[in-house]
Amino acid sequence: MNKPLRRIAIFCGLLVLTLLLRDNWLQYVKADTLASDTDNRRVNITRYASPRGDIIVDGKAITGSVESGDNDFKYKRTWKDGAMWAPVTGFSSQAFGANQLEKLEDGILTGTDNRLFFRNTLDMITGKQKEGGSVVTTLNAAAQKAAYKGLGNKKGAVAAIDPATGKILALVSTPSYDPSTFAGTSDSDQKAWNKVLKKNNPDDPMLNRALRETYPPGSTFKVVTAAAALENGVVSGIDDATKTPDPFRLPQSSTNLTNEHGACKNATLREALRVSCNTVFAKMADNVGNEKMIEQAEKFGFNNATLDTPVRAAESIYPKDNQPQNALDGIGQGSNAATPLQMAMVASAVANNGKLMQPYMVDQLRASNLDVIETNEPKELSQAVSSETAQKLQQMMETVVKSGTGTSAQISGVTVGGKTGTAQHGLNNSEKPYAWFISYAKLSDGSSPVAVAVVVEDGAANRGDITGGGLAAPIAKDVMKAVIDSKK
38 MNKPLRRIAI FCGLLVLTLL LRDNWLQYVK ADTLASDTDN RRVNITRYAS
88 PRGDIIVDGK AITGSVESGD NDFKYKRTWK DGAMWAPVTG FSSQAFGANQ
138 LEKLEDGILT GTDNRLFFRN TLDMITGKQK EGGSVVTTLN AAAQKAAYKG
188 LGNKKGAVAA IDPATGKILA LVSTPSYDPS TFAGTSDSDQ KAWNKVLKKN
238 NPDDPMLNRA LRETYPPGST FKVVTAAAAL ENGVVSGIDD ATKTPDPFRL
288 PQSSTNLTNE HGACKNATLR EALRVSCNTV FAKMADNVGN EKMIEQAEKF
338 GFNNATLDTP VRAAESIYPK DNQPQNALDG IGQGSNAATP LQMAMVASAV
388 ANNGKLMQPY MVDQLRASNL DVIETNEPKE LSQAVSSETA QKLQQMMETV
438 VKSGTGTSAQ ISGVTVGGKT GTAQHGLNNS EKPYAWFISY AKLSDGSSPV
488 AVAVVVEDGA ANRGDITGGG LAAPIAKDVM KAVIDSKK
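Positions in the sequence shown are counted from 1; adding 37 to them yields my numbering.
In structure tokens:
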């Protein structure tokens, strides 16, 4: 072979080798990336080629699929009571993608998850249409309905947890949206999508306030401060005088902190929680100190930036602060901020004798033939307080509901512990406050099936009528009662 032909042959061989390398690179190295690329239209065509698997609550599907009339995207998602369940499921839209459970468990719901490989292969051999699997949640439909109905047209959120397991029983955020209205690709879907975007709707209905919004926790945080005081030996007995002046001058400050009601001078810890004495808990936070307050808050779940339910919750904060700010943090009015889920975790840890369980809302993942692919088991997150301290906190919180600021949460035949909160916000408290209530229910056998946190942003209410006991506690009561009744 002469030299020119040899060079051409070598060059052609290199081209073939390059093509082979490129082909193998795409097939084996980049396959997963290309398959999940949002710009890959074939991925979406495949995603909507068959009915999507369902999200299950109490054994019943709260989602479905219908033919969309689109030549490429054959099926689109539907929801039953979409606005009520959107904070749990999120949305799945042919035009706008997906979020929350619909996105996180997309592989199961579309049937493309690698764990379904053998099932899909068998279906391909038998000629059966590929079907999506199902996501079985921990949610309690009665509790969810009670929370959604209780909030009504008010802006706010509810989170409810089973203290013994960490299972999330209710997760509601209002105002909400119906994800069915923009599940397709039509002009009406585009209009519905535009209506719920924050830039067009200041109420931001797509914000999951139960998981993704943080609020000043107000007086509900006094439970954490009481825990820190008991755990660090600042106080021992809940019925011992605390030697607190009224008013209490904030440390390193000329500002006097006062109380809205109650006889708080030298009040006992139990009495201070019952009537919500600012002075007592600010002084306690100061006595405990910022470092120990942070340590205690973190045992309850604060300052955790990776809390997955599996939807990621916003980080609740107890900050490093100077002495006067730390005193205000101790009454939930400083720089600290919490999600409703976080405050439900505080109540659940108290109810569970100090043990804090990891909150989660997916119980099982199943294939289309109901084979279980994955089961989530309860996991302990921390021992927030000793069982002895937890029992003291229970006595205090139960007094709040029996004869204090939380009497509207009483349930006949059930022991309820709770704490109200009316959290100031805005510059110099210029905005209407947030109404908070955290609670748990205890049955006659000593078990505690539910802990709840409720926050209400009721801009329509008169400022003087906004209290945790007045607005939030009745909602918590209904949610707790719904859980208890569903177990009978």
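For each residue, glycine too, the CB sits at the ideal point set by N, CA and C. Here the structure is a predicted model, which means the values were calculated and not measured.
For my contact list, Ser217 and Thr115 are in at a C-beta cut-off of 8 angstroms; report their separation, rounded to the angstrom.
As a first step, residue 217 must be located in the sequence shown, where it is residue number 180. As a first step, residue 115 must be located in the sequence shown, where it is residue number 78. Rounded, the Cβ-Cβ distance is 5 angstroms, consistent with contact.
Are at least three pairs of beta-carbons, each pair with one atom in the stretch 291-309 and one in the stretch 239-258, less than 8 angstroms apart?
no
Run through DSSP, which three-state label would Lys416 get?
As a working note, residue 416 is residue 379 in the sequence shown. Correct three-state label for Lys416: coil.
Let me make sure I understand the geometry here. Which of Gly454, Thr459 and Ser484 has the alpha-carbon closest to that of Lys514?
Walking along the sequence shown from the start, residue 514 turns up at place 477. Ranking Gly454, Thr459 and Ser484 by Cα distance to Lys514 puts Gly454 first.
Could you give the distance in angstroms between the alpha-carbon of Lys228 and the alpha-carbon of Thr376?
Your numbering for residue 228 matches position 191 in the sequence shown. Your numbering for residue 376 matches position 339 in the sequence shown. Straight across, the Cα-Cα distance linking Lys228 with Thr376 is about 31 angstroms.
Are Gly371 and Ser256 close, meaning C-beta to C-beta below 8 angstroms?
In the sequence shown, the residue the question calls residue 371 occupies position 334. In the sequence shown, the residue the question calls residue 256 occupies position 219. One thing to note: Gly371 has its Cβ no nearer than 8 angstroms to the Cβ of Ser256.
Less than 8 angstroms between the C-beta atoms of Val172 and Leu146, yes or no?
Stepping through the sequence shown from its first residue, residue 172 is reached at position 135. Stepping through the sequence shown from its first residue, residue 146 is reached at position 109. It is a contact, given that the beta carbons lie within the stated cut-off.
Short of 6 angstroms in beta carbon distance, which residues of its chain neighbour Met479, apart from the five on each side in sequence? Order them along the chain.
Residue 479 sits at position 442 when you count from the first residue of the sequence shown. In the sequence as presented, Met is not what sits at residue 479; that position holds Lys. Same-chain partners within the cutoff: Thr452 and Ser485.
What first and last residue would you give for the beta strand (DSSP E) that runs through Leu402?
Counting from 1 along the sequence shown, the entry for residue 402 is found at position 365. Looking at the DSSP string, the run of the beta strand (DSSP E) that includes Leu402 is Val399 to Arg403.
If we call anything under 8 angstroms between Cβ atoms a contact, is Ala30 one with Ala381?
Since the first residue of the chain shown is 38 and the last is 525, residue 30 is not available in this structure.
Have a look at Ser223, Ile47, Arg84 and Pro254 and flag the residue whose alpha-carbon is nearest the alpha-carbon of Gly505.
As a working mapping, residue 505 is identified with position 468 in the sequence shown. The shortest C-alpha separation from Gly505 is found at Pro254.
Based on the DSSP secondary-structure assignment, which residues constitute the bridge partners of Ser485?
Indexing the sequence shown from 1 puts residue 485 at position 448. Answer is none; Ser485 lacks a bridge partner.
Roughly how many angstroms lie between the CA atoms of Met517 and Asp109, to the nearest whole one?
In the sequence shown, the residue the question calls residue 517 occupies position 480. In the sequence shown, the residue the question calls residue 109 occupies position 72. When rounded, the distance between both Cα atoms is 46 angstroms.
What are the boundary residues of the beta strand (DSSP E) that includes Tyr185?
Locating residue 185 in the sequence shown gives position 148, counting from the first residue. Counting along the chain, Tyr185 falls outside any beta strand (DSSP E), though it belongs to the alpha helix (DSSP H) covering Ala178 to Leu188.
Classify Leu153: buried if its beta carbon has 16 or more other beta carbons within 10 angstroms, exposed otherwise.
Here residue 153 refers to the residue found at position 116 of the sequence shown. Taking all protein chains in view, the Cβ of Leu153 is crowded by 16 or more other Cβ atoms within 10 Å, so the residue is classified as buried.
Can you tell me whether Thr343 is helix, strand or coil according to DSSP?
Here residue 343 refers to the residue found at position 306 of the sequence shown. If DSSP states are grouped into helix, strand and coil, Thr343 belongs with coil.
DSSP on Gly35, reduced to helix/strand/coil?
The first residue shown for the chain is 38 and the last is 525, placing residue 35 beyond what the model contains.
Going along the chain, which residues of its own chain have a beta-carbon closer than 6 angstroms to the beta-carbon of Gln401, five neighbours each way excluded?
Along the sequence shown, one-based indexing puts residue 401 at 364. Only Val173, Val409 and Thr412 meet the Cβ criterion.
Which partner residues does Thr115 have in the DSSP bridge list?
Mapped onto the sequence shown, residue 115 falls at position 78. For Thr115, which the question treats as bridged, DSSP gives the partners Gly101.
Excluding sequence positions up to five away, which residues of its chain have a Cβ less than 6 angstroms from the Cβ of Asp323?
If you number the sequence shown from 1, residue 323 lands on position 286. Once the five neighbours on either side are set aside, the close Cβ partners of Asp323 are Pro288 and Ala364.
Classify Leu54 as buried or exposed, calling it buried when 16 or more other Cβ atoms lie within 10 Å of its own Cβ.
As a working mapping, residue 54 is identified with position 17 in the sequence shown. Classified as exposed, Leu54 has fewer than 16 neighbouring CB atoms from the shown chains inside 10 Å of its CB.
Expressed to the nearest angstrom, what Euclidean distance is found between the alpha-carbon atoms of Ala220 and Phe128?
The residue given as residue 220 occupies position 183 in the sequence shown. The residue given as residue 128 occupies position 91 in the sequence shown. Cα to Cα, Ala220 sits roughly 8 angstroms from Phe128.
Please report the distance separating the alpha-carbon of Ala130 from that of Met434.
Numbered from its first residue, the sequence shown carries residue 130 at position 93. Numbered from its first residue, the sequence shown carries residue 434 at position 397. Going by the sequence as given, residue 130 is Ser instead of Ala. The straight-line gap from Cα to Cα measures roughly 44 angstroms.
When you compare only the Cα positions, how much space is there between Thr459 and Lys259?
Looking up residue 459 in the sequence shown gives position 422. Looking up residue 259 in the sequence shown gives position 222. Those two C-alpha atoms are separated by around 12 angstroms.
Between which residues of its own chain and Arg84 is the CB-CB distance below 7 angstroms, once the five residues before and five after are set aside?
Locating residue 84 in the sequence shown gives position 47, counting from the first residue. So the qualifying residues of the chain are Thr147.
What residue range does the alpha helix (DSSP H) around Val233 cover?
If you number the sequence shown from 1, residue 233 lands on position 196. Its alpha helix (DSSP H) spans residues Asp224 to Val233.
By Cβ distance below 6 angstroms, which residues in the same chain neighbour Ala179 in space, the five residues on each side in sequence not counted?
Position 142 of the sequence shown holds residue 179. If we look at Ala179 and ignore the five residues flanking it on each side, its Cβ neighbours are Ala519 and Ser523.
Just to confirm the assignment, what range does the beta strand (DSSP E) spanning Ser440 have?
Reading the sequence shown from its first residue, position 403 is the one you call residue 440. Taken as a continuous stretch (DSSP letters only), Ser440 belongs to no beta strand (DSSP E), being part of the alpha helix (DSSP H) at Ser424 to Ser440.
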